[in-house]
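In this note's numbering, the protein residues as written are 171 to 362.
Where a beta carbon is used, it is the ideal one built from N, C-alpha and C, also for glycine.
Worksheet for the structure shown next.
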Ligand code: ADP
């Protein structure tokens, strides 16, 4: 069983790649953005969450940690999981590591999908033409990048110090990026 985290800036292709990986390796795809968009459409925190999403700010840790870990707690017992969009802060990462150790499953390896801001912005604007997402517009995209950079350094450092990060160039087309990631996962599985 393998657990993965797909990490990277908005628009890097995390969701697309996570879906492909989950299908190929029979992993559970846990997307924090999808969970939040569902919660924003219905549920007790509907209004609160919608306003965070629409502004490009992170949802507070206590709220998102509880939501994600409730699902992860169940999934980690049965399937390997790919975390998409989560963790995004150091507290989320530390809390998730405690969960891995409680469940006695292997701590996730981090796939760091990197892409420069100009290219990522272009992709999100293209997606925004039909995504219906309130946050896929230029001013909010800028804010999402600001938030991303603010959290990234400490988060990546935390994982790098534990030798858990694999960097992947997110700029080639979907199939090429996917092939590169698959090779890496195959190697990780061989090591087990
Ligand atoms: P992207 O990575 O393209 O910005 P996501 O769907 O992963 O898109 O996230 C959309 C929004 O959901 C974020 O801008 C943020 O408001 C919220 N969000 C997603 N994941 C988290 C998280 N782990 N912690 C806090 N907020 C989150």
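When the options are compared against residue i, the one with the closest alpha-carbon
{"i": "residue 315", "options": "261, 291, 296 and 333", "result": "291"}
{"i": "residue 262", "options": "202, 247, 217 and 300", "result": "202"}
{"i": "residue 177", "options": "274, 319 and 360", "result": "319"}
{"i": "residue 237", "options": "213, 328 and 221", "result": "213"}
{"i": "residue 321", "options": "350, 352, 258 and 328", "result": "258"}
{"i": "residue 219", "options": "286, 180 and 305", "result": "305"}
{"i": "residue 348", "options": "273, 183, 174 and 173", "result": "183"}
{"i": "residue 260", "options": "193, 361, 217 and 325", "result": "325"}
{"i": "residue 342", "options": "286, 215, 234 and 196", "result": "286"}
{"i": "residue 198", "options": "229, 233 and 242", "result": "242"}
{"i": "residue 313", "options": "232, 192, 222 and 171", "result": "222"}
{"i": "residue 180", "options": "277, 356 and 340", "result": "340"}
{"i": "residue 231", "options": "256, 217 and 297", "result": "256"}
Heavy atom of the ligand ADP within 7 angstroms of residue i beta-carbon
{"i": "residue 214", "result": "no"}
{"i": "residue 234", "result": "yes"}
{"i": "residue 273", "result": "no"}
{"i": "residue 329", "result": "no"}
{"i": "residue 320", "result": "no"}
{"i": "residue 228", "result": "yes"}
{"i": "residue 339", "result": "no"}
{"i": "residue 264", "result": "no"}
{"i": "residue 305", "result": "yes"}
{"i": "residue 218", "result": "no"}
{"i": "residue 363", "result": "With the chain covering 171 to 362 only, the question about residue 363 has no answer from this structure."}
{"i": "residue 181", "result": "yes"}
{"i": "residue 357", "result": "no"}
{"i": "residue 277", "result": "no"}
{"i": "residue 316", "result": "no"}
{"i": "residue 255", "result": "yes"}
{"i": "residue 203", "result": "yes"}
{"i": "residue 222", "result": "yes"}
{"i": "residue 206", "result": "yes"}
{"i": "residue 240", "result": "no"}
{"i": "residue 258", "result": "yes"}
Please list the segments of the beta strand (DSSP E) lying wholly inside the segment 220 to 306, counting only runs of 3 or more residues, in order along the chain.
Within the segment 220 to 306, complete beta strand (DSSP E) segments of at least 3 residues are found at 251 to 254 and 279 to 284, given in chain order.
For the segment 241 to 259 against the segment 181 to 189, do three or more pairs of beta-carbon atoms, one drawn from each stretch, fall closer than 8 angstroms, so that the two count as touching?
Flag = yes, the segment 241 to 259 and the segment 181 to 189 touch.
Flag this pair as touching only if the segment 280 to 290 and the segment 328 to 340 have three or more C-beta atom pairs under 8 angstroms; answer yes or no.
Flag = yes, the segment 280 to 290 and the segment 328 to 340 touch.
State whether the segment 205 to 212 contacts the segment 262 to 274, with contact taken as three or more CB pairs (one from each stretch) at a distance under 8 angstroms.
Too few Cβ pairs lie closer than 8 angstroms, so no.
So, do the segment 300 to 310 and the segment 232 to 251 have three or more beta carbon pairs nearer to each other than 8 angstroms?
With a cut-off of 8 angstroms, the segment 232 to 251 and the segment 300 to 310 do not count as touching, because too few Cβ pairs lie within range.
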